[in-house]
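Peer 1: For reference, the structure I am asking about is given below.
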DNA sequence: CGAAGTTGACTGACCCGCCAGATATCGCCG
DNA sequence: CGGCGATATCTGGCGGGTCAGTCAACTTCG
């Protein structure tokens, strides 16, 4: 039975389903038929919207990123105290809750795929560019206001973002010594040192 | 023709070949036949030494880790100045040179696989346990000698290791803003702050 | 009616794991 | 010392299963 009303969203449904499947079984085991079933449609329909599996995957990565950004818009566009914004940034990336964990797992799959896919490298570049600029700008704001320690803001941003990624991986692969609480403590310890030292 | 002399090393050859293939084409595209060809043998022989593809992969990950450790033994067992040891540790993990880059790429494949494989989670746990203990111990040494700033050594170790992983990923996926030089600078900046502040 | 959307069966390619047979090595015994 | 199984190692091909992508037929809507 062809679509009754939600025609335009079919593509979105498929991408969301693809992200779920990738997060659950990994890119390696993901099948077009899994995505179709999850989206409540057929494999034929998936191929109607996407020319190839590769295209589904790339679009799913892009979609995963877009929704990550959207969820954090309040943080990016807020006008709070720079210290509070940094804290909110860090907390929003703690792998807690189904949605955040799923986004992280998808992102980890992207990394290994990006090793050989220039298109995904570009996506990564865009994303990290945004983050670095955002974090560095917030840090500079804090420095101007005399709230944060002096020093190269870009370098601090790189340290923080690197730490978040590296620690998140450990949490996600189920390390017993690197729990979410520990990750949170380590990141906030870093932020504490940035504040007036 | 059966092996003339090097019988015992066949297994090792296969594992080394598997690491090379994984690093080059990714776990997703790795074929037993690729590994066999790279090892200069047949797919039958690979199955003679390993019961399944999964077993080849897991053994290859273990092997990759062991060789990483072996290459760094001088650093782990050295008796230098703690500051020099930390610096050597960091530098040895910069993704420079064919061998180190290969090891990193294999490790990245391990991470995404470990999301669903408890056996690989255990391997990861062992590895990071060792590193944390090593780095924390060196930092404590430095503190005792009055060379490094006071503070929770384990937390500093977690920050450093997290940073290394996160930044290495960016370098490996070919970020134009996170080059090896930049990664080196960021890590060494962190070490500089650890020294007497 | 025609266009847009949907379906699921089908196909051709691919690949893991198995296996039957080949080849070398070695111990044993006459 | 030379033949002779026994054993370890190796090989390449095949069977069976899987899956991406195609397609012809179908449904619904305008």
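Protein chains in written order, with UniProt numbering: chain A, 1 to 197; chain B, 1 to 197. Even glycine gets a Cβ: it sits at the ideal position worked out from N, Cα and C. Computed from a prediction, not measured in an experiment: that's the story for all the values here.
Which chain A residues are close to residue 109 of chain B, counting only those with a beta carbon under 7 Å from its beta carbon?
Peer 2: On the second chain, residue 109 of chain B is found 109 positions in, with the first residue counted as 1. By Cβ distance, chain A contributes 112.
Peer 1: Is DSSP giving residue 181 of chain A helix, strand or coil here?
Peer 2: The residue you call residue 181 of chain A lines up with position 181 of the first chain. Residue state, collapsed to three classes: helix.
Peer 1: Tell me the rounded alpha-carbon separation between residue 27 of chain B and residue 168 of chain B.
Peer 2: For the purposes of this step, residue 27 of chain B is taken as residue 27 along the second chain, with counting starting at 1. For the purposes of this step, residue 168 of chain B is taken as residue 168 along the second chain, with counting starting at 1. Rounded to whole angstroms, residue 27 of chain B to residue 168 of chain B spans 19 Å at the Cα level.
Peer 1: Can you confirm whether residue 28 of chain A, when its beta carbon is compared against all beta carbons of chain B, has any partner nearer than 8 Å?
Peer 2: Within the first chain, numbered from 1, the residue matching residue 28 of chain A stands at position 28. By this cut-off, residue 28 of chain A is an interface position.
Peer 1: With residue 196 of chain B as the anchor, note down where its alpha helix (DSSP H) starts and where it stops.
Peer 2: For the purposes of this step, residue 196 of chain B is taken as residue 196 along the second chain, with counting starting at 1. Counting along the chain, residue 196 of chain B falls outside any alpha helix (DSSP H), and DSSP gives it neither H nor E.
Peer 1: Just to confirm, are residue 72 of chain A and residue 42 of chain A a CB contact at a threshold of 8 Å?
Peer 2: Counted from its first residue, the first chain places residue 72 of chain A at position 72. Counted from its first residue, the first chain places residue 42 of chain A at position 42. Not closer than 8 Å, so no.
Peer 1: Would you report the Cα separation of residue 139 of chain B and residue 190 of chain B, rounded to the nearest angstrom?
Peer 2: Counting from 1 along the second chain, the entry for residue 139 of chain B is found at position 139. Counting from 1 along the second chain, the entry for residue 190 of chain B is found at position 190. About 13 Å.
Peer 1: Let me make sure I understand the geometry here. Which of B:160, B:145, B:54 and B:149 has the alpha-carbon closest to that of residue 131 of chain B?
Peer 2: For this step, residue 131 of chain B is matched to residue 131 along the second chain. Selected option, being the one with the closest Cα: B:160.
Peer 1: What number of angstroms, rounded off, separates the C-alpha of residue 106 of chain B from the C-alpha of residue 19 of chain B?
Peer 2: By 1-based counting over the second chain, the position of residue 106 of chain B is 106. By 1-based counting over the second chain, the position of residue 19 of chain B is 19. Between residue 106 of chain B and residue 19 of chain B, the C-alpha separation is close to 7 Å.
Peer 1: Scan the segment 83–133 of chain A and note each continuous alpha helix (DSSP H) run of 4 residues or more that stays entirely inside, going in chain order.
Peer 2: If we require 4 residues or more, the alpha helix (DSSP H) runs fully inside the segment 83–133 of chain A come out as 98–114.
Peer 1: Give the interface partners of residue 148 of chain A over in chain B, defined as CB-CB distance under 9 Å, in chain order.
Peer 2: The residue given as residue 148 of chain A occupies position 148 in the first chain. Going along chain B, no residue has its Cβ under 9 Å from residue 148 of chain A, so there is no contact; the nearest lies around 14 Å.
Peer 1: Since I believe residue 148 of chain A is in contact with residue 195 of chain A (beta carbons under 8 Å), could you give me their beta-carbon distance rounded to a whole number of angstroms?
Peer 2: Position 195 of the first chain holds residue 195 of chain A. Position 148 of the first chain holds residue 148 of chain A. Contact holds; Cβ gap of about 6 Å.
Peer 1: Going by the beta-carbon positions, is the gap between residue 127 of chain B and residue 187 of chain B smaller than 8 Å?
Peer 2: Taking the first residue of the second chain as 1, we reach residue 127 of chain B at position 127. Taking the first residue of the second chain as 1, we reach residue 187 of chain B at position 187. In this structure, residue 187 of chain B does not lie closer than 8 Å to residue 127 of chain B by Cβ.
Peer 1: Alpha helix (DSSP H) containing residue 18 of chain B: first to last residue?
Peer 2: As a position in the second chain, residue 18 of chain B is number 18, starting the count at 1. Here the alpha helix (DSSP H) through residue 18 of chain B covers 10–25.
Peer 1: When the distance is taken between beta carbons, is residue 74 of chain A closer than 8 Å to residue 172 of chain A?
Peer 2: Against the first chain, residue 172 of chain A aligns to sequence position 172. Against the first chain, residue 74 of chain A aligns to sequence position 74. Cβ distance not < 8 Å, so residue 172 of chain A and residue 74 of chain A don't count as in contact.
Peer 1: Would DSSP call residue 167 of chain B helix, strand or coil?
Peer 2: Counted from its first residue, the second chain places residue 167 of chain B at position 167. Helix.
Peer 1: Considering only their Cβ atoms, is the gap separating residue 163 of chain B from residue 166 of chain A smaller than 8 Å?
Peer 2: Residue 166 of chain A sits at position 166 when you count from the first residue of the first chain. Residue 163 of chain B sits at position 163 when you count from the first residue of the second chain. It is a contact, given that the beta carbons lie within the stated cut-off.
Peer 1: Measuring alpha carbon to alpha carbon, tell me which residue in B:11, B:86, B:97 and B:36 is nearest residue 62 of chain B.
Peer 2: Residue mapping note: residue 62 of chain B aligns to position 62 of the second chain, counting from 1. Among B:11, B:86, B:97 and B:36, the Cα nearest to that of residue 62 of chain B is on B:11.
Peer 1: If I'm right that residue 22 of chain A touches residue 84 of chain A with Cβ under 8 Å, what's the distance once you round it to whole angstroms?
Peer 2: To locate residue 22 of chain A, count along the first chain from 1; it is residue 22. To locate residue 84 of chain A, count along the first chain from 1; it is residue 84. Not a contact, Cβ separation roughly 33 Å.
Peer 1: Measuring alpha carbon to alpha carbon, tell me which of A:50, A:175, A:87 and A:79 ends up nearest residue 184 of chain A.
Peer 2: Translated into the one-based positions of the first chain, residue 184 of chain A becomes position 184. Ranking the options by Cα distance to residue 184 of chain A, first place goes to A:87.
Peer 1: If you compare alpha carbons, which of A:143, A:70, A:40 and A:157 is closest to residue 99 of chain A?
Peer 2: Reading the first chain from its first residue, position 99 is the one you call residue 99 of chain A. With distances taken between Cα atoms, residue 99 of chain A lies closest to A:70.
Peer 1: Suppose the cutoff is 8 Å on Cβ atoms and the five residues either side in sequence are ignored; what does the same chain contact list for residue 82 of chain B look like?
Peer 2: Counted from its first residue, the second chain places residue 82 of chain B at position 82. Cβ within range, chain order: 138, 139, 141, 142, 145, 147 and 148.
Peer 1: Looking at chain B, is there any beta carbon in it that lies within less than 8 Å of the beta carbon of residue 93 of chain A?
Peer 2: Reading the first chain from its first residue, position 93 is the one you call residue 93 of chain A. No, its Cβ sits nowhere closer than 8 Å to a Cβ of chain B.
Peer 1: Where residue 180 of chain A and residue 97 of chain A are concerned, what is the direct C-alpha to C-alpha distance, given to the nearest angstrom?
Peer 2: Within the first chain, residue 180 of chain A is the residue found at index 180, counting from 1. Within the first chain, residue 97 of chain A is the residue found at index 97, counting from 1. Going from the Cα of residue 180 of chain A to the Cα of residue 97 of chain A covers about 11 Å.
Peer 1: For residue 157 of chain B, which of B:170, B:182, B:129 and B:45 has the nearest alpha-carbon?
Peer 2: Position 157 of the second chain, counting from 1, holds the residue named residue 157 of chain B. Measuring from the Cα of residue 157 of chain B, the nearest candidate turns out to be B:129.
Peer 1: Using C-beta distances below 7 Å, list every residue in its chain close to residue 35 of chain A, excluding the 5 sequence neighbours before and after it, in chain order.
Peer 2: As a position in the first chain, residue 35 of chain A is number 35, starting the count at 1. Within the same chain, residue 35 of chain A has close Cβ partners 14, 17, 18, 21, 46 and 56.
Peer 1: Under a three-way DSSP split, which group does residue 148 of chain A fall into?
Peer 2: Translated into positions along the first chain, residue 148 of chain A becomes position 148. Three-state DSSP puts residue 148 of chain A in a strand.
Peer 1: Taking only the alpha-carbon atoms, compute the straight-line gap between residue 150 of chain A and residue 193 of chain A and give it to the nearest angstrom.
Peer 2: Taking the first residue of the first chain as position 1, residue 150 of chain A is located at position 150. Taking the first residue of the first chain as position 1, residue 193 of chain A is located at position 193. Computed Cα separation, rounded: 11 Å.
Peer 1: Check each candidate in A:30, A:29 and A:40 and name the one with the smallest Cα separation from residue 9 of chain A.
Peer 2: Counting from one through the first chain, the residue named residue 9 of chain A turns up at place 9. When each option's Cα is compared against that of residue 9 of chain A, the closest is A:40.
Peer 1: Who are the near neighbours of residue 104 of chain A in its chain, counting only those whose CB is closer than 7 Å to its CB and skipping five residues on each side?
Peer 2: Taking the first chain and counting its residues from 1, one reaches residue 104 of chain A at position 104. Only 95, 168 and 172 meet the Cβ criterion.
Peer 1: In whole angstroms, give me the CA-to-CA distance for residue 182 of chain B and residue 154 of chain A.
Peer 2: Start at 1 with the first residue of the second chain, and residue 182 of chain B comes out as number 182. Start at 1 with the first residue of the first chain, and residue 154 of chain A comes out as number 154. Roughly 11 Å separates the two Cα atoms.
Peer 1: Measure from the alpha carbon of residue 51 of chain B to the alpha carbon of each residue in B:25, B:67 and B:32, then state which is nearest.
Peer 2: For this step, residue 51 of chain B is matched to residue 51 along the second chain. Cα-wise, what sits closest to residue 51 of chain B is B:32.
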